[in-house]
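Undergrad: One structure follows; several queries about it will come next.
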Amino acid sequence: MSTSLESYLLHLADNALLLGHRNSEWCGHGPVLEQDIALTNIALDLLGQARYFYQYAAELHGEKFTEDSFAYLRDANEFKNCLICELPNGHWGITVMRQFICSALQFHLYSKLQYSADERIAGIAEKALKETTYHLKWSRQWMIRLGDGTVESRERMIEAWGELKDYVNEFFEPAPYESELIITGVAVNPAEIQATFNDLMKEVFVEATIPFEFPDWTQKGGKAGLHTEHLGYILAEMQFLQRAYPGQSW
Amino acid sequence: MTEPDINIQNIYSILEEVKDPEVPVLSVNDLGIIRKVEMIFDDNGKTRFEIIITPTYSGCPAMDAISTNIRMALFAHGITNFSIKQVLSPAWTTAWMSETGKQKLVNYGIAAPNALHEKFSDKIMDDKGPAACPLCSSTNTSVISEFGSTACKALYKCNDCLEPFDYFKCH
Numbered sequence: 001m002s003t004s005l006e007s008y009l010l011h012l013a014d015n016a017l018l019l020g021h022r023n024s025e026w027c028g029h030g031p032v033l034e035q036d037i038a039l040t041n042i043a044l045d046l047l048g049q050a051r052y053f054y055q056y057a058a059e060l061h062g063e064k065f066t067e068d069s070f071a072y073l074r075d076a077n078e079f080k081n082c083l084i085c086e087l088p089n090g091h092w093g094i095t096v097m098r099q100f101i102c103s104a105l106q107f108h109l110y111s112k113l114q115y116s117a118d119e120r121i122a123g124i125a126e127k128a129l130k131e132t133t134y135h136l137k138w139s140r141q142w143m144i145r146l147g148d149g150t151v152e153s154r155e156r157m158i159e160a161w162g163e164l165k166d167y168v169n170e171f172f173e174p175a176p177y178e179s180e181l182i183i184t185g186v187a188v189n190p191a192e193i194q195a196t197f198n199d200l201m202k203e204v205f206v207e208a209t210i211p212f213e214f215p216d217w218t219q220k221g222g223k224a225g226l227h228t229e230h231l232g233y234i235l236a237e238m239q240f241l242q243r244a245y246p247g248q249s250w
Numbered sequence: 251m252t253e254p255d256i257n258i259q260n261i262y263s264i265l266e267e268v269k270d271p272e273v274p275v276l277s278v279n280d281l282g283i284i285r286k287v288e289m290i291f292d293d294n295g296k297t298r299f300e301i302i303i304t305p306t307y308s309g310c311p312a313m314d315a316i317s318t319n320i321r322m323a324l325f326a327h328g329i330t331n332f333s334i335k336q337v338l339s340p341a342w343t344t345a346w347m348s349e350t351g352k353q354k355l356v357n358y359g360i361a362a363p364n365a366l367h368e369k370f371s372d373k374i375m376d377d378k379g380p381a382a383c384p385l386c387s388s389t390n391t392s393v394i395s396e397f398g399s400t401a402c403k404a405l406y407k408c409n410d411c412l413e414p415f416d417y418f419k420c421h
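Going down the list, the protein sequences come from chains A and B.
With the numbering used here applied, the first sequence has no gaps in its numbers, which climb one by one up to 250 at the end.
With the numbering used here applied, the second sequence has no gaps in its numbers, which climb one by one up to 421 at the end.
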């Protein structure tokens, strides 16, 4: 049986896992070695954060569940990540902008979640905030470098915003399990961080000279398990080994 | 076989032998990841040690190795009555790194976390960098990449001696 707390933990973990997995796809393909390493380091932090949330969820779940059960043995409709995390990497500009948007969301989320009524969640958020701040700094610099860069890099950043803008606001609409936990002070009300998030977005987009309008519509469904077709392909690759050889380990 | 007569100080001394696998000049004590060693008396009057550690970075693969190495080091000294517990809060900071640890880092060729920036700030504009080049001590340095060979390091170069070097990020 799945409780609100478990669903919320999986939502937080799935966001980090999927984004981390997408970033890890750049391993060996980055535009320069330093940035290849940057993205894989960010991926590592995200994977670590996902593990903390999965471990907590597994302890609550019992029945011999482990962090791996959640990552490897759930089907797409059981994942609760926001859709933006599972979108394909596209070109470097799209990857950078997606990371910036997600880091900005996580930054504002963890800033409040570190005061969660649930001590364990608060501890994870406090730890994750430090890493997220660093990710945000890195991606912000790249937003400006590419947006205020060459004619081509700017065009690609404008294109990136066109690809991503319809996936931003899903984050701010609480799922039923979030609403339930907001009342008890365990979860952060995502709607409450929208204004400060928007301020940061606007500031960085202006500096990056990328035309920006607040999106008034959003794709959604991820929090409830309704995903894009891309998630299935990720899981096919990520879960293959455990599906083909159940229980296999190093 | 009876447990050897040991105290908390003995445990700390043994932990000094356990090095960070990525930066082998630093012991786990130097790194500041040992938060506490406690002696616990159980109902049968037996003692047990609890070693409380905290991770540096969430995904740092060295943490599992470090945990195993702590276990092996204590076993090697005949100590089996212990457990290792991981805590996340308060979150690890480079401010917990010992002064000798920082000196060892510099001698090893890695710039130590800059004490000027050790207070954690969530201001994303803050520019954090090394105090000096570990090779020639020049303060005229610039960043090559915010991310380096491991989760805890960034890549810098010295504008005077022109050497690139690792910087143990302030965290």
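Glycine included, every Cβ here is placed at the ideal spot set by N, Cα and C.
Since the model is a prediction, treat every value here as computed from it, not as a measurement.
Identify the continuous alpha helix (DSSP H) that holds E178(A) and give its terminal residues.
TA: In the first sequence, the residue the question calls residue 178(A) occupies position 178. First-last of the alpha helix (DSSP H) with E178(A): P176 to I183.
Undergrad: Which residues of chain B have a Cβ atom closer than 9 Å to the Cβ of I37(A), listed in chain order?
TA: For the purposes of this step, residue 37(A) is taken as residue 37 along the first sequence, with counting starting at 1. Within 9 Å Cβ-Cβ: S395, F397, G398, S399 and L405.
Undergrad: Pop quiz: I183(A) and P174(A) are said to be a contact at Cβ under 8 Å. What is the actual Cβ separation, rounded to whole angstroms?
TA: Numbered from 1 along the first sequence, position 183 holds the residue referred to as residue 183(A). Numbered from 1 along the first sequence, position 174 holds the residue referred to as residue 174(A). Actually they are not in contact, since the Cβ atoms of I183(A) and P174(A) sit about 11 Å apart, beyond 8 Å.
Undergrad: Could you say which of E266(B), V287(B) and D292(B) lies nearest to D280(B) if we only look at CA atoms?
TA: Taking the second sequence and counting its residues from 1, the one referred to as residue 280(B) is at position 30. Of the candidates E266(B), V287(B) and D292(B), the one whose C-alpha sits nearest the C-alpha of D280(B) is E266(B).
Undergrad: Using beta carbons (cut-off 7 Å, strictly below), is W26(A) in contact with chain C?
TA: Of the chains in the structure shown, none is chain C; the protein chains are A and B.
Undergrad: Strictly below 8 Å CB to CB, what residues from chain B border E259(A)?
TA: A query on residue 259(A) cannot be resolved here, the shown segment of chain A reaching from 1 to 250 and no further.
Undergrad: In whole angstroms, what is the alpha-carbon distance linking E203(A) and E213(A)?
TA: If you number the first sequence from 1, residue 203(A) lands on position 203. If you number the first sequence from 1, residue 213(A) lands on position 213. Each residue's Cα considered, the two are about 12 Å apart.
Undergrad: Could you name the residues that DSSP lists as bridge partners for R298(B)?
TA: Looking up residue 298(B) in the second sequence gives position 48. For R298(B), which the question treats as bridged, DSSP gives the partners I290(B).
Undergrad: Would you mind sorting A236(A) into buried or exposed? The rule is 16 or more other CB atoms within 10 Å of its CB.
TA: To locate residue 236(A), count along the first sequence from 1; it is residue 236. Exposed is the call here.
Undergrad: Cβ atoms of V287(B) and I261(B): under 7 Å apart, would you say?
TA: Taking the second sequence and counting its residues from 1, one reaches residue 261(B) at position 11. Taking the second sequence and counting its residues from 1, one reaches residue 287(B) at position 37. Against a cut-off of 7 Å, the Cβ pair of V287(B) and I261(B) comes out as a contact.
Undergrad: Using a Cβ-Cβ cut-off of 7 Å, state whether G379(B) counts as contacting chain A.
TA: Position 129 of the second sequence, counted from the start, is the residue given in the question as residue 379(B). Not an interface residue.
Undergrad: Using 7 Å as the threshold, is the C-beta distance between F397(B) and A38(A) below it?
TA: Working through the second sequence from its first residue, we reach residue 397(B) at position 147. Working through the first sequence from its first residue, we reach residue 38(A) at position 38. Contact: yes.
Undergrad: Counting only beta-carbon atoms, is N41(A) nearer than 7 Å to chain B?
TA: What you label residue 41(A) is simply residue 41 of the first sequence in a count that begins at 1. Yes, contact with chain B.
Undergrad: Go through its chain and collect everything with a Cβ distance to L9(A)'s Cβ below 7 Å, but skip five positions before and after it.
TA: Here residue 9(A) is taken as the residue at index 9 of the first sequence, counted from 1. Taken in chain order, the residues that qualify are F53, Y56 and A57.
Undergrad: Can the beta-carbon of I302(B) be found less than 7 Å from the beta-carbon of R321(B)?
TA: Taking the second sequence and counting its residues from 1, the one referred to as residue 302(B) is at position 52. Taking the second sequence and counting its residues from 1, the one referred to as residue 321(B) is at position 71. No, these two residues do not count as a Cβ contact at 7 Å.
Undergrad: If distances are taken between C-alpha atoms only, which option among K335(B), G379(B) and S395(B) comes closest to I316(B)?
TA: Taking the first residue of the second sequence as 1, we reach residue 316(B) at position 66. For I316(B), the nearest C-alpha among the options comes from K335(B).
Undergrad: Identify every residue that forms a DSSP beta bridge with V393(B).
TA: As a working mapping, residue 393(B) is identified with position 143 in the second sequence. Looking at the DSSP assignment, V393(B) forms a beta bridge with Y406(B).
Undergrad: Which one of L12(A), D68(A), Q99(A) and L60(A) has the shortest CA to CA distance from W138(A)?
TA: By one-based count along the first sequence, residue 138(A) stands at place 138. Among L12(A), D68(A), Q99(A) and L60(A), the Cα nearest to that of W138(A) belongs to Q99(A).
Undergrad: Report the three-state DSSP secondary structure of A361(B) (helix, strand or coil).
TA: Here residue 361(B) corresponds to residue number 111 of the second sequence, with the count starting at 1. In this structure, A361(B) counts as strand in the three-state DSSP scheme.
Undergrad: What number of angstroms, rounded off, separates the C-alpha of R145(A) from the C-alpha of A326(B)?
TA: Sequence index remark: in the first sequence, residue 145(A) carries index 145 (1-based). Sequence index remark: in the second sequence, residue 326(B) carries index 76 (1-based). Rounded to whole angstroms, R145(A) to A326(B) spans 53 Å at the Cα level.
Undergrad: So does the segment 3-21 of chain A actually touch the segment 39-52 of chain A, counting three or more Cβ pairs closer than 8 Å?
TA: The segment 3-21 of chain A is in contact with the segment 39-52 of chain A.
Undergrad: What three-state label does DSSP hand Y233(A) in the structure shown?
TA: Numbered from 1 along the first sequence, position 233 holds the residue referred to as residue 233(A). Y233(A): helix per DSSP, three-state reduction.
Undergrad: Bridge partners of F418(B), per DSSP?
TA: One-based indexing of the second sequence puts residue 418(B) at position 168. F418(B) is bridged to K403(B).
Undergrad: Shortest alpha-carbon distance to S116(A) belongs to which of A187(A), I234(A) and D166(A)?
TA: Reading the first sequence from its first residue, position 116 is the one you call residue 116(A). The shortest C-alpha separation from S116(A) is found at A187(A).
Undergrad: Looking at the C-beta of M1(A), does it have a partner C-beta in chain B at a distance below 7 Å?
TA: On the first sequence, residue 1(A) is found 1 positions in, with the first residue counted as 1. Note on M1(A): pLDDT 48, under 50, position unreliable in the model; the coordinate value appears next. It does not; no Cβ of chain B falls within 7 Å.
Undergrad: Exposed or buried, what is C402(B) when buried is set at 16 or more other beta-carbons lying within 10 Å of its beta-carbon?
TA: Indexing the second sequence from 1 puts residue 402(B) at position 152. Answer is buried; the Cβ neighbour count reaches 16.
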